[in-house]
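In the numbering used here, the protein residues as written are 8 to 708. Where is the CB? At the ideal position from N, CA and C, for every residue including glycine. Below is one structure, written out as structure tokens; comments come after it.
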Ligand SMILES: [Zn+2]
């Protein structure tokens, strides 16, 4: 609906830029900049709209020409939604229209109407809920009320009643005092309100201040706050009504606004994400499933007069907004709580820059918990820096180090290039013609590993043995298996932004020596980049007889109107390795925990399969031994796994080895999950209750 603006004319973008700069001088924060201003033809009016580039909140400014060609500059400041822009255009919310319609006599209205315009108001839909797998509400909508004013109307009516000598500031003060006493909301300052009620901008042509036509007085109040104001706005306009009330009736309105709330606060914040004031999903599931959740806007079209009032018996159409569908996550809020507690304690104890945890059901790919720390509260996201909004299990890209060894071992066994009986030799340092590999025993000053099978290589986490085994295959063979595990591509979880990581394709290398070196380092998890989710999915495949399940965060879509739930099927991505290979690797990973570097991941009563990882980070092109990523990935019960857990800590200030830092965190979380299924005896009262509630949720599912 773009059209030539009759008043501005000429180069519309240039004119808009002028309007925008006017806005910026008076209203906008200096950091925001404007882009692609547009003209919207709206009934008889052309409206210039420009948008700031702030990624979270969109701010709009607009300049409008009125019917007489007389300039009116309208400023929509604060954080206004596109929906509110339309509401603003008609100067009123729907509720106020109805008050007007009731209050106006038909003949009187017709007399005043100079021309007839068709006006449209977009009605914002309510957003669908987000549930946990146990049907606990993690995100929902609340109806709130926002109060706005037209300072221009207020000032002109006030001057008619009180006389021209009363200053704008004085009118602002008197009306602000009256509105404050009606709203009784603590967060509203009378002084701030008075300032808003006399807000001006400079006229574009002569630089004189003119009153704006729209300001927010208060956003998202409870219904109890607006009852009194609503009563007064609904009163008949009569002479015996106090003058302050008559002024308020002329230029104040209430608009319903839908407000998103997250009842569990910080729980799974990065996975849920949040919505901005436009109710558009930003980050997390709110972003990934926005199309399903957001619903469809409705609209009201009606004929209005020159003063923007609806005509009695005029054309009126009403299309109700459609509430969005709700989604049911795979997240188990109890496991999520347990995982967050473990990681919160790790943040205090080891003081890493950040930490991630993932819990997956390997059989269907359901993500049971997804932890990203440091976190934020989606109810108050504006208080937090933007980097906290990222869901680190999906966006933290790192070199996996030793946790990658089982994947390479699986590739080698699956292609038949080695067997369980093949032997490699570790002497602490292995030199070839073009490169050399060191084993961690040199760094720790312990005895060299000597002759090792592939199982020993995993158990000891020996880089040299892994490199020697890996060089028995072609690069392409290893590459093919890793791709099937999901390495080097986006996994399509649907919980917001996701990183693909990096795995070099075979055709990238020209020199044979380069590919050999690359292959050797890949064997112990260097020169490859993954996210914690990549590793969790690959380990889940090993736990699931070699079959890769697509990780998923949503298991059902619910229509709130009918209560009907559409359950989504788990997605099978095929086998990365044969069930036999997977079972061999599982046995090896059990011995890592039973006898090797992963001893601290042991759990009471069940066998655990897993692998530690300590990856040195690259700083300025060199490996910096003081900066490490420590991790542990594993699953249990080892012979029929139900849970895969991944723990990743970035640059812990204390603790340098995955076996010392991440393995105990795995055990702490694993134990809590087990206690919920199989309470230890004798039972304490609290454990018993937790276990019961867990079962009741499972059975209700
Ligand atoms: Zn070694």
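Review point. From 226, 548 and 602, pick the residue whose C-alpha is nearest to that of residue 464; which is it?
Key: 602
Point to revise | Under 8 Å between C-beta atoms of residue 357 and residue 539 | key: no
Review point. Ligand 1 heavy atoms versus the CB of residue 471: any closer than 7 Å?
Key: yes
Check your understanding: Can you name the residues that DSSP bridges to residue 433?
Key -> 457
Practice item. Would you mind listing the alpha helix (DSSP H) stretches within the stretch 647 to 690 that are 4+ residues and don't spill past its ends, in chain order? Key: 665 to 684
Review point. Can you list, in chain order, the stretches of the beta strand (DSSP E) that have 3 or more residues and sit fully within the stretch 560 to 639?
Key: 561 to 565, 572 to 574, 579 to 582 and 616 to 626
Exercise for review: Can you check DSSP and say which residues form a bridge with residue 265?
Suggested key: 150
Review point. Thinking C-alpha only, which one of 295, 322 and 301 is nearest residue 308?
Key: 322
**Study point:** Straight-line gap, residue 442 to residue 589 (C-alpha atoms, nearest Å)
**Key:** 31 Å
Exercise for review: Sort out for me which residues DSSP pairs residue 373 with in a bridge.
Suggested key: 559
Check your understanding: Which same chain residues, not among the five before or five after residue 636, have their C-beta less than 6 Å away from its C-beta?
Key -> 405, 622 and 657
Point to revise | Segments assigned alpha helix (DSSP H), at least 4 residues, entirely inside the stretch 170 to 209 | key: 175 to 190 and 197 to 204
Practice item. Specify whether the stretch 378 to 396 and the stretch 641 to 650 touch according to this definition: at least 3 beta carbon pairs, one from each stretch, less than 8 Å apart. Key: no
Practice item. Could you tell me whether the stretch 445 to 460 touches the stretch 375 to 387, using the rule of 3 or more Cβ pairs below 8 Å? Key: no
Review point. Residue 362 bridges to which residues according to DSSP?
Key: 380 and 656
Review point. Counting pairs of Cβ atoms below 8 Å between the stretch 492 to 511 and the stretch 279 to 293, do you hit three or more?
Key: yes
Point to revise | Limits of the beta strand (DSSP E) - the one that residue 345 falls within | key: No beta strand (DSSP E) holds residue 345; the alpha helix (DSSP H) holding it covers 340 to 357.
Check your understanding: DSSP puts residue 780 in a beta bridge; with which residues?
Key -> In this structure the chain extends from 8 to 708, so residue 780 is not present and cannot be described.
Review point. Any chance the stretch 256 to 274 sits against the stretch 468 to 481, with 3 or more Cβ pairs inside 8 Å?
Key: no
Practice item. Tell me whether residue 484 is buried or exposed, calling it buried when 16 or more other Cβ atoms sit within 10 Å of its Cβ. Key: buried
**Study point:** Closest residue to residue 683 among 521, 340, 302 and 595 (Cα-Cα distance)
**Key:** 340
Exercise for review: Kindly indicate which three-state DSSP category residue 133 falls into: helix, strand or coil?
Suggested key: coil
Check your understanding: Can you name the start and end residues of the beta strand (DSSP E) that residue 226 belongs to?
Key -> 222 to 228
Practice item. With a 10 Å radius around its C-beta and 16 neighbouring C-beta atoms as the bar for buried, classify residue 325 as buried or exposed. Key: exposed
Check your understanding: What is the rounded straight-line gap between the Cα of residue 305 and the Cα of residue 626?
Key -> 53 Å
Check your understanding: Can you find a heavy atom of ligand 1 that lies under 7 Å from the Cβ of residue 448?
Key -> yes
Exercise for review: Please look up how many angstroms separate the CB atoms of residue 422 and residue 480, rounded, as I've assumed it's under 8 Å.
Suggested key: 6 Å
**Study point:** CA-to-CA distance, residue 327 to residue 196, given in whole angstroms
**Key:** 36 Å
Review point. Does the distance from the C-beta atom of residue 228 to that of residue 200 stay below 8 Å?
Key: no
Exercise for review: Tell me whether residue 467 counts as near ligand 1, meaning its Cβ is closer than 7 Å to at least one heavy atom of that ligand.
Suggested key: yes
**Study point:** Contact set for residue 533: own chain, Cβ-Cβ below 8 Å, skip 5 residues either direction
**Key:** 406, 408 and 622
Practice item. Look up residue 388 in the DSSP assignment and say whether it is helix, strand or coil. Key: helix
Exercise for review: Return yes when the Cβ of residue 329 is within less than 8 Å of the Cβ of residue 275, no when it is not.
Suggested key: no
Check your understanding: Within the present structure, is the beta-carbon of residue 455 separated from the nearest heavy atom of ligand 1 by less than 7 Å?
Key -> yes
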